[in-house]
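**Q** In the working numbering, the protein residues as written are 12 to 449.
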């Protein structure tokens with residue numbers, strides 16, 4: 012009995028020893044494992060295999076562009092370069108904005124800059140919740156999400172009344188509109204003829220800019236270099252909305268610097284007949300000439316029908332045609348640039364967004380509407396001379412960044428460029444004028 016008791020105590024000691032031995036081994040392993048990762052930062056992929064290899068430059072360019080443009084963490088705007096800008100965003104009843112988001116297209120279609128800018132501002136430290144320290148007042152009204160049941164396009168016939176109602180609301184509940192007559196208030200008009208709120212130019216000109224908006228700042232996609240009634244207001248030309256998420260997914264499958272087996276690309280409405288049902292010349296006949304002249308040319312990849320995955324065609328193309336439609340601007344301008352296809356702009360007198368940052372003459376081609384019949388010869392000449400130089404500048408990820416709206420503002424992105432443009436209009440700020448007068 013005594014022997015059994017002694018033997019049992021011995022077994023218990025052995026078990027305890029094994030237990031403490033295991034705990035000690037685990038603790039030491041965890042310590043060394045943690046120490047290793049603290050003292051050894053992971054080496055970026057772009058520096059492991061490609062750093063000294065000239066033959067792998069396309070791959071390195073792809074990795075660097077992804078790291079620079081899409082995979083970086085969202086950062087707050089650089090306040091110093093924005094002159095400590097402060098913007099107050101009105102909290103309007105949901106009927107003016109968020110109610111429209113029940114339709115998923117509202118935040119994803121080409122006019123969705125009005126949604127994207129509002130969302131980015133809401134998440135930004137540029138936004139102030141104290142209206143008395145604001146330089147500008149953002150009025151978030153979504154007018155482009157009323158989609159027609161006939162053709163599915165945004166119907167903006169209600170835009171004037173909706174914005175007028177919003178102005179009545181803010182002028183009734185806040186003192187800030189009335190003290191400046193709206194000169195420090197900012198609106199988005201991201202459709203064909205901007206603040207004129209109509210898709211047909213003649214009707215847009217006839218209606219003009221609503222009287223209640225003429226003293227405000229309008230962020231609009233429409234812009235031309237000549238005098239036009241629809242831009243006779245303080246304005247900033249902005250790019251149309253292109254989803255950065257869809258662009259990112261496209262580039263994951265096919266890099267900007269990848270193989271481009273389509274020489275000239277266009278997919279969109281191409282009127283075969285010189286007039287459409289409205290009796291007006293569509294695209295000033297430019298697209299009709301392109302279709303008739305080059306539809307049978309094997310160098311040109313022209314398609315009239317919609318295709319949801321058409322960005323996969325853009326990223327395979329060398330030149331992307333960007334002819335005017337009803338208005339001079341087109342989402343193809345942005346899609347071409349962000350997917351590395353040289354945009355061929357065919358829209359006389361167009362004023363392009365953020366031209367102080369995006370050097371359009373260096374990354375695109377401009378062809379006069381009257382020269383469209385000579386497209387083939389013009390593009391052949393460019394391909395034989397300075398195409399490589401154009402592509403090198405076009406593929407700079409900072410250029411891509413400047414034309415894309417993100418949910419959170421990244422320094423240099425499209426919303427940041429809007430804020431930068433506003434920071435140069437601080438003479439309209441009631442707060443700044445009060446301070447300077449003291």
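Even for Gly, the Cβ is constructed at its ideal location relative to N, Cα and C.
Can you tell me the Cα-Cα spacing of residue 167 and residue 154, whole angstroms?
**A** As a working note, residue 167 is residue 156 in the chain shown. As a working note, residue 154 is residue 143 in the chain shown. Their backbone Cα atoms lie some 6 Å apart in a straight line.
**Q** Extract the residue ranges of the alpha helix (DSSP H) inside the segment 225–265, only unbroken runs of 4 or more that lie entirely within it.
**A** List check, alpha helix (DSSP H) in window: 255–264.
**Q** Helix, strand or coil, according to DSSP, for residue 200 in the structure here?
**A** As a position in the chain shown, residue 200 is number 189, starting the count at 1. Three-state result, residue 200: strand.
**Q** So if DSSP puts residue 355 in a beta bridge, which residue, or which two residues, is it bridged to?
**A** Taking the chain shown and counting its residues from 1, one reaches residue 355 at position 344. Its beta-bridge partners are 332 and 376.
**Q** Do you know offhand how far residue 234's Cα is from residue 151's?
**A** Locating residue 234 in the chain shown gives position 223, counting from the first residue. Locating residue 151 in the chain shown gives position 140, counting from the first residue. Straight-line Cα distance between these residues: approximately 21 Å.
**Q** DSSP three-state label for residue 9, please.
**A** There is no way to answer for residue 9, as the model of the chain reaches only from 12 to 449.
**Q** Under three-state DSSP, which class holds residue 187?
**A** The count along the chain shown starts at 1 and reaches residue 187 at position 176. Helix.
**Q** I need the boundaries of the alpha helix (DSSP H) containing residue 348, first residue and last residue.
**A** In the chain shown, counting from the first residue as 1, residue 348 sits at position 337. From DSSP, the alpha helix (DSSP H) with residue 348 extends over 342–349.
**Q** Any contact of the segment 247–256 with the segment 118–132, i.e. 3+ C-beta pairs under 8 Å?
**A** The segment 247–256 is in contact with the segment 118–132.
**Q** Leaving aside the five residues before and after residue 398 along the sequence, list all residues of the same chain whose C-beta is less than 8 Å from its C-beta, in chain order.
**A** Your numbering for residue 398 matches position 387 in the chain shown. Here the set comprises 329 and 353.
**Q** Who does residue 165 pair with in a DSSP beta bridge?
**A** Working through the chain shown from its first residue, we reach residue 165 at position 154. Partner(s): 158.
**Q** Figure out for me which residue from 194, 336, 219 and 332 has the closest Cα to the Cα of residue 442.
**A** Within the chain shown, the letter at position 431 stands for residue 442. Residue 442 has its Cα closest to that of 194, out of 194, 336, 219 and 332.
**Q** Which partner residues does residue 100 have in the DSSP bridge list?
**A** Taking the chain shown and counting its residues from 1, one reaches residue 100 at position 89. DSSP, once it has assigned bridges, lists 149 as partnering residue 100.
**Q** Could you check the C-alpha separation between residue 99 and residue 223 for me, to the nearest Å?
**A** In the chain shown, counting from the first residue as 1, residue 99 sits at position 88. In the chain shown, counting from the first residue as 1, residue 223 sits at position 212. Roughly 20 Å between the two C-alpha positions.
**Q** How long is the line joining the alpha carbons of residue 373 and residue 400, rounded to whole angstroms?
**A** Translated into the one-based positions of the chain shown, residue 373 becomes position 362. Translated into the one-based positions of the chain shown, residue 400 becomes position 389. Spanning the two alpha carbons is a distance of roughly 8 Å.
**Q** Report the rounded CA-to-CA distance for residue 322 versus residue 346, giving the unit in angstroms.
**A** As a working mapping, residue 322 is identified with position 311 in the chain shown. As a working mapping, residue 346 is identified with position 335 in the chain shown. Residue 322 and residue 346: Cα-Cα distance of roughly 8 Å.
**Q** Quick check on the DSSP output: the alpha helix (DSSP H) that includes residue 337 runs from which residue to which?
**A** The sequence position of residue 337 within the chain shown is 326, counting from 1. Segment: none, residue 337 is in no alpha helix (DSSP H) and carries neither H nor E.
**Q** Taking its Cβ as the centre, do 16 or more other Cβ atoms sit within 10 Å of residue 104, making it buried, or is it exposed?
**A** Residue mapping note: residue 104 aligns to position 93 of the chain shown, counting from 1. With fewer than 16 other Cβ atoms within 10 Å, it is exposed.
**Q** Taking the alpha-carbon positions, what's the residue 270 to residue 325 distance?
**A** Here residue 270 refers to the residue found at position 259 of the chain shown. Here residue 325 refers to the residue found at position 314 of the chain shown. Cα to Cα, residue 270 sits roughly 12 Å from residue 325.
**Q** Are the segment 413–425 and the segment 178–188 touching by the rule of at least three beta carbon pairs closer than 8 Å?
**A** Not touching, per the Cβ criterion.
**Q** Alpha carbons only, please: which of 430, 392, 336 and 157 is nearest the one belonging to residue 110?
**A** Counting from 1 along the chain shown, the entry for residue 110 is found at position 99. Per the Cα distances, 157.
**Q** Rank 297, 102, 311 and 339 by C-alpha distance to the C-alpha of residue 276 and give the top, closest one.
**A** By one-based count along the chain shown, residue 276 stands at place 265. The residue with the shortest Cα to Cα distance from residue 276 is 311.
**Q** Run the CB neighbour count on residue 293, radius 10 Å, all protein chains shown included, and call it buried at 16 or more, exposed below.
**A** Counting from 1 along the chain shown, the entry for residue 293 is found at position 282. Buried is the call here.
**Q** Indicate whether the contact test is met: 3 or more Cβ pairs, each with one atom in the segment 198–207 and one in the segment 236–245, closer than 8 Å.
**A** Yes: the two stretches touch, three or more of their Cβ pairs being nearer than 8 Å.
**Q** Buried or exposed: which applies to residue 114, given that a residue is buried once 16 or more other Cβ atoms fall within 10 Å of its Cβ?
**A** Stepping through the chain shown from its first residue, residue 114 is reached at position 103. With fewer than 16 Cβ atoms within 10 Å of its Cβ, residue 114 is classed as exposed.
**Q** Is there a Cβ of chain C sitting closer than 9 Å to that of residue 349, yes or no?
**A** Here there is only one protein chain, and chain C is not present.
**Q** Could you spell out the range, first to last residue, of the alpha helix (DSSP H) harbouring residue 126?
**A** Start at 1 with the first residue of the chain shown, and residue 126 comes out as number 115. 124–133 is the span of the alpha helix (DSSP H), which, as asked, contains residue 126.
**Q** Helix, strand or coil, according to DSSP, for residue 116 in the structure here?
**A** To locate residue 116, count along the chain shown from 1; it is residue 105. If DSSP states are grouped into helix, strand and coil, residue 116 belongs with the helices.
**Q** From residue 265 to residue 279, what does the alpha carbon distance come to, in whole angstroms?
**A** To locate residue 265, count along the chain shown from 1; it is residue 254. To locate residue 279, count along the chain shown from 1; it is residue 268. Their Cα atoms are separated by approximately 22 Å.
**Q** Hey, residue 333 and residue 301: beta-carbon distance below 9 Å or not?
**A** Here residue 333 is taken as the residue at index 322 of the chain shown, counted from 1. Here residue 301 is taken as the residue at index 290 of the chain shown, counted from 1. Contact flag unset, no.
**Q** Could you tell me how far apart the beta carbons of residue 212 and residue 337 are, in whole angstroms, since I believe they sit closer than 8 Å?
**A** Taking the chain shown and counting its residues from 1, the one referred to as residue 212 is at position 201. Taking the chain shown and counting its residues from 1, the one referred to as residue 337 is at position 326. Going by Cβ atoms, the distance from residue 212 to residue 337 rounds to 7 Å, so yes, they are a contact pair.
**Q** To the nearest angstrom, report how far apart residue 320 and residue 444 are at their CA atoms.
**A** One-based indexing of the chain shown puts residue 320 at position 309. One-based indexing of the chain shown puts residue 444 at position 433. Taking the straight line from one Cα to the other gives about 50 Å.
**Q** Would residue 161 be called buried (16 or more neighbouring beta carbons within 10 Å of its own) or exposed?
**A** Your numbering for residue 161 matches position 150 in the chain shown. Exposed is the call here.
**Q** Please state whether DSSP places residue 223 in a helix, a strand or coil.
**A** Position 212 of the chain shown, counted from the start, is the residue given in the question as residue 223. Correct three-state label for residue 223: helix.
**Q** Compute the beta-carbon to beta-carbon distance between residue 430 and residue 93, rounded to the nearest angstrom, for a pair I have assumed lies under 8 Å.
**A** Within the chain shown, numbered from 1, the residue matching residue 430 stands at position 419. Within the chain shown, numbered from 1, the residue matching residue 93 stands at position 82. Yes, residue 430 and residue 93 are in contact; Cβ-Cβ is about 6 Å, under 8 Å.
**Q** What three-state label does DSSP hand residue 361 in the structure shown?
**A** Within the chain shown, the letter at position 350 stands for residue 361. Strand.
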